[in-house]
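S.K.:
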Amino acid sequence: MFRALFRNRIRAHAQRIFSSLFPQGYAGEVFLCGGAFKPLLKKGLPINDLDLWVRNRKEREKLCAALVARGAHLVQDFRPFCIKYKLEGRYVEITYHNVKDGALSDVVNTFDLAICAIGARYMNGRVAEAYLSEECWQAIRSKNVTVLDSYFCFVLLQKAPSLLRSLHRMGQQATELGYRVNANHERILWSIYWKDFNEEERRAAMDLYFETMVTYKGQHDEHLVRRATGLGYAPVVLEDRHQTKALPHVRLVPKVA
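Whatever position you read off the sequence shown (first residue = 1), add 244 for our numbering.
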């Protein structure tokens with residue numbers, strides 16, 4: 245019963261957001277997921293940005309045009325991740341990930357943290373669907389920042405360079421929400437990083453961390469970086485492949501047990 249009530253709150257919250265974005269409605273389909281729902285988890289917590297998904301390139305261009313028509317201005321085209329706009333003081337990010345024929349649940353299953361596996365689907369002027377995964381519901385009830393099972397599989401099979409970014413986000417989400425970091429899940433991610441990743445894969449994870457969290461988000465967890473580089477922290481300047489900003493580069497040295 246409580247989960248159903250919370251899902252109704254998700255729907256109402258999403259409808260308010262979309263009504264603010266498009267007071268006259270929007271003739272299309274949009275997925276809103278993740279951080280936009282933080283105020284439902286902790287009263288008074290601000291929304292940093294709105295993360296939107298669409299099914300394909302054509303729908304992305306249509307949504308971008310609609311935002312510009314509303315008065316939004318382009319902040320950054322951060323390929324291959326997202327297009328960032330600012331509208332009435334609020335940041336809106338349209339991801340480059342195409343939902344294609346997937347469902348709302350498929351979108352949130354691509355996330356790393358259970359607490360973010362929450363969303364809504366907007367269709368032609370109204371919220372048509374609200375979603376809350378079981379893992380997200382358990383994370384909310386226990387006030388525990390956990391990693392989605394699907395993400396553990398993804399990291400292990402794909403050697404995903406997003407691993408360090410996820411470790412950063414675990415601590416960040418816990419601090420913002422007043423939750424606890426699941427120590428076991430954190431330990432598993434670090435174990436994968438040192439035992440399953442080779443040096444090249446660890447370097448790719450560090451490069452992605454600096455590109456997305458440090459350069460783009462402006463956030464830097466020095467303790468995480470030191471832990472991820474062992475005793476061999478040696479920054480040098482490399483040119484970002486997307487823009488002229490410089491990124492620190494590091495030599496990765498496995499920790500001695």
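Here a beta-carbon is modelled for each residue, glycine too, at the ideal position from N, C-alpha and C.
Taking DSSP's pairing of strands, which residues face residue 328 in a bridge?
M.R.: 320, 337, per the DSSP bridge assignment.
S.K.: Exposed or buried, what is residue 321 when buried is set at 16 or more other beta-carbons lying within 10 Å of its beta-carbon?
M.R.: exposed
S.K.: Please classify residue 188 as buried or exposed, where buried requires at least 16 other C-beta atoms within 10 Å of its C-beta.
M.R.: Lying before the first or after the last residue shown, residue 188 is absent from the chain, which here runs from 245 to 501.
S.K.: Less than 9 Å separating the beta-carbons of residue 228 and residue 381?
M.R.: Any answer about residue 228 is impossible in this case: the structure gives the chain only from 245 up to 501.
S.K.: Which residues in the same chain as residue 498 place their Cβ atom closer than 7 Å to its Cβ, once the five residues preceding and following it in sequence are excluded?
M.R.: Only weak support is given to the placement of residue 498: the predicted model assigns it a pLDDT of 42, under 50, and the value that follows is read from those uncertain coordinates. Taken in chain order, the residues that qualify are 438, 474.
S.K.: Going along the chain, which unbroken runs of the beta strand (DSSP E) with 3 or more residues stay wholly within the segment 352-440?
M.R.: 362-367, 370-376
S.K.: Using the beta-carbon count (16 or more within 10 Å), is residue 286 buried or exposed?
M.R.: Result: exposed.
S.K.: Using the C-alpha atoms, what's the distance from residue 344 back to residue 299?
M.R.: 4 Å
S.K.: Taking the beta strand (DSSP E) that residue 289 falls in, what are its first and last residues?
M.R.: Per DSSP, residue 289 belongs to no beta strand (DSSP E) and is neither H nor E.
S.K.: Below 8 Å on the Cβ atoms is my guess for residue 391 versus residue 410; work out the distance and round it to an integer in Å.
M.R.: 7 Å
S.K.: The alpha helix (DSSP H) that contains residue 246, what's its start and end?
M.R.: 246-265
S.K.: Rounded to the nearest angstrom, what separates residue 275 and residue 250 at their Cα positions?
M.R.: 18 Å
S.K.: Sorted by chain position, which residues of the same chain lie with C-beta nearer than 7 Å to residue 351's C-beta, five sequence neighbours on each side aside?
M.R.: Taking C-beta separations shorter than 7 Å and ignoring five residues to either side along the sequence, the partners of residue 351 in its chain run 275, 277, 297, 343, 363, following chain order.
S.K.: CB residue 441 to CB residue 395, shorter than 9 Å?
M.R.: Not in contact: residue 441 and residue 395 (Cβ atoms no closer than 9 Å).
S.K.: May I ask you to list the residues that DSSP assigns as paired with residue 298?
M.R.: 342
S.K.: Say whether the segment 412-430 touches the segment 364-378, bearing in mind that this needs 3 or more beta-carbon pairs closer than 8 Å, one atom from each stretch.
M.R.: The segment 412-430 vs the segment 364-378: no contact.
S.K.: Taking the beta carbon of residue 245 as the centre, do at least 16 other beta carbons fall within 10 Å, making it buried, or is it exposed?
M.R.: exposed
S.K.: Nearest CA to the CA of residue 293: which residue from 402, 317, 335, 319?
M.R.: 335
S.K.: Note down the Cα distance separating residue 310 from residue 429, rounded to an integer number of angstroms.
M.R.: 41 Å
S.K.: How many whole angstroms separate the CB atoms of residue 318 and residue 272, which I take to be in contact at a CB cut-off of 8 Å?
M.R.: The pair is not a contact, with the Cβ atoms about 19 Å apart (cut-off 8 Å).
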